[in-house]
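Position in the sequence shown (first residue = 1) + 38 = my numbering. No residue lacks a Cβ here, since even glycine has one placed at the ideal position from N, Cα and C.
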Amino acid sequence: MRLYIESMSDYVNLMKLCVGAEAPSDLEAWQAARFGPKAPARHVTRMWPRRASEVLAGGSIYWVFKGSMLARQRILRMDEQIGQDGITRCALVLDRELVRVAAVPRRPFQGWRYLRAEDAPPDLPPGRDMDDELPGPLALQLAEMGLR
Numbered sequence: 039m040r041l042y043i044e045s046m047s048d049y050v051n052l053m054k055l056c057v058g059a060e061a062p063s064d065l066e067a068w069q070a071a072r073f074g075p076k077a078p079a080r081h082v083t084r085m086w087p088r089r090a091s092e093v094l095a096g097g098s099i100y101w102v103f104k105g106s107m108l109a110r111q112r113i114l115r116m117d118e119q120i121g122q123d124g125i126t127r128c129a130l131v132l133d134r135e136l137v138r139v140a141a142v143p144r145r146p147f148q149g150w151r152y153l154r155a156e157d158a159p160p161d162l163p164p165g166r167d168m169d170d171e172l173p174g175p176l177a178l179q180l181a182e183m184g185l186r
């Protein structure tokens, strides 16, 4: 099988809506309650990424909260998981560190999307990740203006 890489980097990221969470702190709390304090987090998805080798070469999952991409988690590996219905799914095994990124507006979408490394927002500088989280609508407006 021949691997075609579109970008200059040798990895690609995934982007996913974080449904049910208002902010990165909500996702952190949910993962801590679900997986414990130290175990890797897992996100199960129906489809296996066709570009899995590119994702596993250094990619992250970028989380979109209420219309703004605000955080990412490094993808450690992908495990096959068979559901109670017998259907094979892909479990994305994630680093527990949730890295805050510069806010970028995103419209709603279904499932996950690929995000080229060069299109990914930068991580927030040290110290900025501890800032109080802005309310969703305000963060979205600032991101649309390019101010966050």
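Between the CA atoms of residue j and residue i - distance to the nearest angstrom
i, j, result
"D48", "A140", "22 Å"
"R112", "D123", "29 Å"
"S45", "V137", "Legend: pLDDT at S45 = 44, less than 50; position of this residue unreliable, no value from coordinates given."
"P75", "D133", "12 Å"
"R144", "A77", "30 Å"
"M39", "W150", "A caution first: M39 carries a pLDDT of 36, below 50, which makes its placement in the model too unreliable to give a value."
"G105", "P146", "7 Å"
"I125", "G97", "26 Å"
"R127", "P164", "36 Å"
Nearest residue (CA-CA) to residue i, options the options
i, options, result
"N51", "A109, E118, P164", "A109"
Identity of the residues DSSP links to residue i by a beta bridge
i, result
"D152", "The sequence as given places Tyr at residue 152; Asp does not occur at that position. BP columns for Y152 point to L52."
"R138", "A109"
"I99", "L52, Q111"
Proximity below 8 Å, CB of residue i to CB of residue j
i, j, result
"M107", "P159", "yes"
"L153", "T83", "no"
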